[in-house]
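Residue numbers (the working numbering), protein chains in the order written: chain A, 1464 to 1813; chain B, 6 to 438.
Virtual Cβ for every residue (Gly too), placed ideally from N, Cα, C.
What follows is a set of notes on a single structure, which appears directly below.
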Amino acid sequence: MIRLVKDDLRPPDWAGSLGGDATDARPGRPRAAEPPGRPPKRHFLSVGDLTQADVERLLDTAHTFEASLERHVKKLPTLKGHLVVNLFYESSTRTSSSFELAAKRLSADTLTVKSAGSSVDKGESLKDTALTLGAYDPDVIVIRHPQIGAPQLVARVTEAHVVNAGDGKHQHPTQALLDLYTLREELGRLGGLHVAIVGDVLHSRVARSLLQAFALVGIRATLVGPPALLPRELPAEASTDIEAIRDADVVYVLRMQNERMEPGASFVPSLREYTARWGITPERLRPGQRVMHPGPMNRGVEIDPRAADSPESLITRQVRSGLVVRMAVLYDVLTGGPVGVQALTAVEVA
Amino acid sequence: MLFWKNGHVDTLTIRRARVVDPTEKIDEILDVTIEDGIITRLGSSGPSRLEHRVVDAEGLVLAPAFVDPHVHLRTPGREDEETVASGTAAAAAGGFCAILAMPNTEPVVDSAATLGALVETARHEAEVPVGFLAAITRGQRGDELTEMGELADTGAVAFSDDGVPVASAGLMRRALQYASVTDRPLALHCEEPTLSRGGHVHEGRVAAELGFAGYPSVAESVAVERDLALAGYEGGRVHVLHLSAAESVDALRRAREAGVAASGEATPHHLVLTDDAVRSLDPNVKMNPPLRAEPDRVALLDGVRDGTIEAVATDHAPHAAQEKEVPFEAAPFGVTGLETAFAALHTHLVRPGLLPLETLLERMSAGPARIFGLDRPRVAVGARANLVLLDLEREWTVGEEPFRSRSGNSWLLGSRLKGAVRMTLAAGSVVHA
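Shown next as structure tokens:
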């Protein structure tokens, strides 16, 4: 089930939390204002909320949509009359453009609000911006925000279905889903695969979402990177030795960010040193080993251009997957079921 | 050293309460008569003179009222969040007969003028006696000492840069040396800023999974070790604020055994919650130091039990609603606690058998009073009435009744608690009933 999160920022009930189970901190009480008999609102906030069945359904839906995109007329009437608001507090090319196109391909109206040039510039709080946009009764709010938990806040204060397009270092669930989709389409299976995730795991919301997604579908994960960028407590094998990528079917390269080298931070001594030890080059890859990257890439830093552009690279395939997976997510939160036959009738363009 | 709206005192008899005063070694059903604010008679039930107020307290516990050594009254500067009047009203409702206020206000309490103005305010507004701490360093900037002598003469109970650490070991040494001439302890916020930098959540599994920058236990414990070593070397008196890590409790225990004049406190939230609570992403479980792991919580509880930690302190830190209705990382540190401290600890520690009631009562009253040289609230003939009447069976829901505090950022909002304050007497006056 996609978890009901309306109450997430409401006071937790710790009655049983002494020495207890972490989930006790999550209140499950229905909100008093919720009219009886109304099903819980579906959001897409964290991979941790998904079941394996959810993942399979979403990937199947994406597959169906991908087939539809091969038609001459690419637009589907599925979400006609629905409003999808894209609220972006961080710069983004791939994610914002693919969400916008995904909504348009499904015939939804779209409204894109970026923090620069909006009232956010004038100091409007996230709550007030969400309430303002919520006044237009959007069906879906897609939000990217630099702070953990921002989508949960929007879900609490608006009536819209909320889709997390990346919150701080916490989650980027549609990225994880499109990566699973890419793996399934290109390697033909998920269970039993071995993926090495290389680089700055500590600051990566992609890595956090991927680890949960991999656990759901039975993919083995190995984390590889500099010691200060590998959190000790994550539930995965970890190594500081780049040789640890050797056995993996896929090498998933994370973006190495310049700000990690700020004075006083010293996560690694220099980008040069990072590249020398952990940069992904054709020489470090086994023949047939596939390469992925969530973008944007720093060519020549975490990934050698020859590796990025090789036939083994799945990087542009990931971008294409992004569109159909985001179509599937929008469809799924609004309908909650597998794609029906009717949804696949192309729009009659007058 | 304590200041309040002086004047009114009460006369009443509290009948048939179970009187529990661990320090006086009392635990029996007694009638307690208070005349003009002074306890004049302790006796078994007899015929009462009915010319004054009689409170039937059958089934209730009467104990020395609580002392909170760590409160943020937000005045001057953020009177929208708390005032001396609202903060002391909250204290009265929580069973406190005295509270100590931290100096990290706007401006910082670092001069006799600012402190003097606060003392005047307390004389006009304070529902229960308040003591004020003054800053260790000017503006709490950590580079020059305040004029501790004049501040002590103006009424400072102790000195603290709470909210921020004194980062320089050299300056901490000078502070220890100079504070000795005022005979006031230093209350220390122990945090090594180069280790905690940017951290919002205890560095552990929860932070790793959620993606929060980690604030490791060692960021606290190295600072605790440093300051205890300096206190030992200089012979100064130190009180470690809001202990959160097992390693810090160990350090304090060792230092006390070695004869260092050191004390410590723990908050109700650190004694009840762990960082698992952060999974809710509720900004009302964000505080500094952060909630830590279960072994840390257990170590704190052991410290409270064996007396290494002599005081429970709320670290009552009010914040405006709009500042907490934001994503977790954007929210300020701090939660309120005055109105829930006893009930929370009674519900989560005493009732499950993890902490004897007597120990809790001692750590909330005599313990903190001893550390800061305040008169110990006690149930004894001749003592000024500083008493709390507790109903251990009463259940209530936090937040159902409005808070007396101007802020509602309680970590317990919506929780059911068992144990309630029915009446508080502070300095001989009924301040809550």
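Next item on the list: Return the Cβ separation of isoleucine 141 (chain B) and alanine 94 (chain B) in integer angstroms, given the expectation that the two are a contact with Cβ distance under 8 Å.
Entry: So it is not a contact: roughly 29 Å between Cβ atoms.
Notebook entry, point to check: Based on the DSSP output, what are the partners of isoleucine 1766 (chain A) in its beta bridges?
Noted result: A:Ile1743, A:Arg1762
Note to self: With H, G and I counted as helix, E and B as strand and the rest as coil, what does DSSP make of alanine 1659 (chain A)?
What the structure shows: strand
Margin query: Quick check: what's the CA-CA separation for glutamate 1622 (chain A) versus aspartate 1602 (chain A)?
Written below: 8 Å
Note to self: Is there a C-beta anywhere in chain A that falls below 8 Å from the one on alanine 172 (chain B)?
What the structure shows: no
Note to self: Output needed for serine 15 (chain B): all residues of its chain with C-beta closer than 6 Å, excluding positions within five of it in sequence on either side, in chain order.
What the structure shows: Note that residue 15 (chain B) is aspartate in the sequence shown here, rather than serine. Answer for aspartate 15 (chain B): Ser434, Val435, listed in chain order.
Checklist line | Continuous alpha helix (DSSP H) stretch holding histidine 274 (chain B): start and end | finding: 273 to 277
Margin query: For arginine 375 (chain B) and leucine 422 (chain B), I'd like the C-alpha separation in whole angstroms.
Written below: 29 Å
Item checked: Range covered by the beta strand (DSSP E) that runs through arginine 1753 (chain A) -> 1753 to 1755
Checklist line | Below-8 Å beta-carbon distance, leucine 305 (chain B) vs any chain A residue | finding: no
Item checked: chain B residues whose Cβ lies nearer than 9 Å to that of arginine 1671 (chain A) -> Ala213, Glu214, Leu215, Gly216
Check: So what does DSSP say about isoleucine 39 (chain B), is it helix, strand or coil?
Finding: strand
Next item on the list: Kindly indicate which residue of A:Thr1703, A:Thr1685, A:Val1548 has the alpha-carbon position closest to the one of alanine 1593 (chain A).
Entry: A:Val1548
Notebook entry, point to check: Quick one: Cα of alanine 97 (chain B) to Cα of histidine 437 (chain B), how far?
Noted result: 6 Å
Checklist line | Continuous beta strand (DSSP E) stretch holding arginine 399 (chain B): start and end | finding: 392 to 402
Next item on the list: Note down the Cα distance separating threonine 272 (chain B) from aspartate 36 (chain B), rounded to an integer number of angstroms.
Entry: 33 Å
Note to self: Please report the straight-line C-alpha distance between glutamate 149 (chain B) and serine 116 (chain B), rounded to a whole angstrom.
What the structure shows: 13 Å
Item checked: Identity of the residue in A:Ile1778, A:Phe1507, A:Leu1777, A:Arg1780 nearest glutamine 1634 (chain A) by Cα -> A:Phe1507
Check: Is the CB-CB distance between lysine 291 (chain B) and alanine 336 (chain B) below 8 Å?
Finding: yes
Checklist line | CB of isoleucine 43 (chain B) within 8 Å of CB of valine 384 (chain B), strictly | finding: no
Note to self: So histidine 275 (chain B) and valine 76 (chain B) are supposed to be a Cβ contact under 8 Å. How far apart are they, rounded?
What the structure shows: Not really, about 16 Å apart at Cβ, beyond 8 Å.
Notebook entry, point to check: Grouping DSSP H, G and I as helix and E and B as strand, with all else coil, what is asparagine 1721 (chain A)?
Noted result: helix
Next item on the list: With DSSP as the reference, please indicate the residues paired to glutamate 270 (chain B) in a beta bridge.
Entry: B:Ala316
Check: For threonine 352 (chain B), which residues from the same chain have a beta carbon less than 7 Å from its beta carbon, with the 5 sequence-adjacent residues on both sides left out?
Finding: Leu422, Lys423, Gly424
Item checked: Three-state class that DSSP yields for arginine 20 (chain B) in the structure shown -> strand
Check: In angstroms, rounded to a whole number, what distance separates the CA positions of arginine 1652 (chain A) and leucine 1522 (chain A)?
Finding: 12 Å
Margin query: Count Cβ pairs between the region 243 to 261 of chain B and the region 312 to 321 of chain B that sit closer than 8 Å; are there 3 or more?
Written below: yes
Margin query: I need the boundaries of the alpha helix (DSSP H) containing arginine 1789 (chain A), first residue and last residue.
Written below: 1778 to 1798
Margin query: I'd like the span of the beta strand (DSSP E) that includes lysine 423 (chain B), first residue to last.
Written below: 421 to 431
Check: How is the beta strand (DSSP E) around glycine 136 (chain B) delimited, first residue to last?
Finding: 135 to 139
Notebook entry, point to check: Leaving out the 5 sequence neighbours to the left and right, which residues in its chain are closer than 8 Å to aspartate 61 (chain B) when beta-carbon positions are compared?
Noted result: Arg20, Arg21
Check: What residues in the region 1752 to 1781 of chain A have a beta carbon less than 7 Å from any beta carbon of chain B?
Finding: none
Checklist line | Cβ separation of glycine 216 (chain B) and glycine 1631 (chain A), assumed to be a contact under 8 Å, to the nearest whole Å | finding: 6 Å
Check: Rounded to whole angstroms, how far is the Cβ of phenylalanine 71 (chain B) from the Cβ of valine 403 (chain B), which I believe are closer than 8 Å?
Finding: Between valine 403 (chain B) and phenylalanine 71 (chain B) the Cβ distance is about 17 Å, and since that is not below 8 Å, they are no contact.
Notebook entry, point to check: Looking at chain A, which residues of the region 323 to 336 of chain B have a Cβ within less than 8 Å of any of its Cβ atoms?
Noted result: Gln327, Glu330, Val331, Pro332, Phe333, Glu334, Ala335
Checklist line | Straight-line gap, alanine 267 (chain B) to arginine 259 (chain B) (C-alpha atoms, nearest Å) | finding: 10 Å
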